[in-house]
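Visitor:
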Amino acid sequence: MAQLTFRNGTEKDTQLILRFITELATHEGIERDVVATEDSLQHALFKEKSAEVIIAEYQEKPIGFALFFHNFSTLLGKKGLYLEDLYIIPEMRGKGFGTQFFAHLSKLALALDCGRFEWWCLNENKSGMDFYEKIGAEQMSEWTVHRLSKTEMEKLSKPIKDVK
61 MAQLTFRNGT EKDTQLILRF ITELATHEGI ERDVVATEDS LQHALFKEKS
111 AEVIIAEYQE KPIGFALFFH NFSTLLGKKG LYLEDLYIIP EMRGKGFGTQ
161 FFAHLSKLAL ALDCGRFEWW CLNENKSGMD FYEKIGAEQM SEWTVHRLSK
211 TEMEKLSKPI KDVK
């Protein structure tokens, strides 16, 4: 099996990261939702360090990325690794690279003493669901994701004076 190499993303990868984000959103049919810019990504990823990026390379060419950050489990009393996005360019799919990517991220999570490794998957992504089951991931069907948009946060927080 062909082997990937992995490296941490750097500021020099910002344009590539945005390209991968846009390609992933297009694949999911949500490209209209991408408002990230190179500047916003560079600030969030490399100045604020809000998330981390791993670049996957095959024959020294970038073929995908994973963007993750840490969450926290009160039940475990430990941080977890939360995978926000993982993307492999279409022509490199079906070669075992997804398994290698998840294996790399699992090893990283263990090295960082994370109690969990979690992500979301769109319900309609049957091939993704099948893949996750194949690698041993447990579907958390008893939990429902909830989200407040910026507009809803603004409405809800309107009565609050200041947060320090």
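The sequence shown begins at 61 in the working numbering and counts up one residue at a time.
The beta-carbon is built from N, C-alpha and C at its ideal position, and this holds for glycine as well.
Owing to the predicted nature of the structure, the values given are computational and were not obtained by experimental measurement.
1) If you reduce the DSSP assignment to three classes, tell me which class Gly158 lands in.
2) Do the segment 116–130 and the segment 146–157 make contact, defined as three or more Cβ pairs closer than 8 Å?
3) Can you tell me the Cα-Cα spacing of Gly45 and Ala163, whole angstroms?
4) If I'm right that Asn183 touches Glu112 with Cβ under 8 Å, what's the distance once you round it to whole angstroms?
5) Which class does Ala116 belong to by DSSP, given the choice of helix, strand or coil?
6) How big is the Cα-Cα spacing for Ala104 and Leu64?
7) Is Lys218 close to the ligand NAD? I mean its beta-carbon at under 6 Å from any heavy atom of the ligand.
8) Given this structure, state the Cα-to-Cα distance separating Glu144 from Met61, to the nearest angstrom.
9) Would you say Glu196 and Ser133 are within 7 Å of each other, going by their C-beta atoms?
10) Quick one: using the 10 Å Cβ neighbour count with 16 as the cut-off for buried, is Thr204 buried or exposed?
11) Note down, in chain order, each residue of its chain lying with its Cβ closer than 7 Å to the Cβ of Lys94, except the 5 sequence neighbours on either side.
12) Using the rule of at least 16 other Cβ atoms within 10 Å of the residue's Cβ for burial, across every protein chain shown, is Asn171 buried or exposed?
13) Whole angstroms is fine: what's the gap from Cys181's alpha carbon to Ile220's?
14) Closest to Gln199 by C-alpha separation, out of Ser209, Glu178 and Arg207, would be which residue?
15) Smallest Cα separation from Gly156: which of Tyr142, Ala169, Phe129 and Phe191?
16) Please report the distance separating the alpha-carbon of Leu127 from that of Glu88.
17) From Lys186 to Ile90, what distance separates their C-alpha atoms?
Guide: Working from what's here:
1) helix
2) Counting Cβ pairs under 8 Å, three or more are found: they touch.
3) The displayed coordinates of the chain run from 61 to 224. Any statement about residue 45 would go beyond what the structure contains.
4) The Cβ separation is near 27 Å, so there is no contact.
5) strand
6) 27 Å
7) The model depicted lacks the ligand NAD and carries no ligand whatsoever.
8) 27 Å
9) Checking the sequence shown, residue 196 turns out to be Gly, not Glu. In terms of Cβ geometry, Gly196 and Ser133 do not form a close pair [threshold 7 Å].
10) exposed
11) Looking at the sequence provided, one finds Val at residue 94 rather than Lys. If you ignore the 5 residues before and after Val94, its C-beta comes within less than 7 Å of the C-beta of Ile81, Thr82 and Ala85, all in its own chain and listed in chain order.
12) In the sequence as displayed, the identity of residue 171 is Ala instead of Asn. That one is exposed.
13) 34 Å
14) Glu178
15) Phe191
16) One C-alpha to the other measures close to 16 Å.
17) 17 Å
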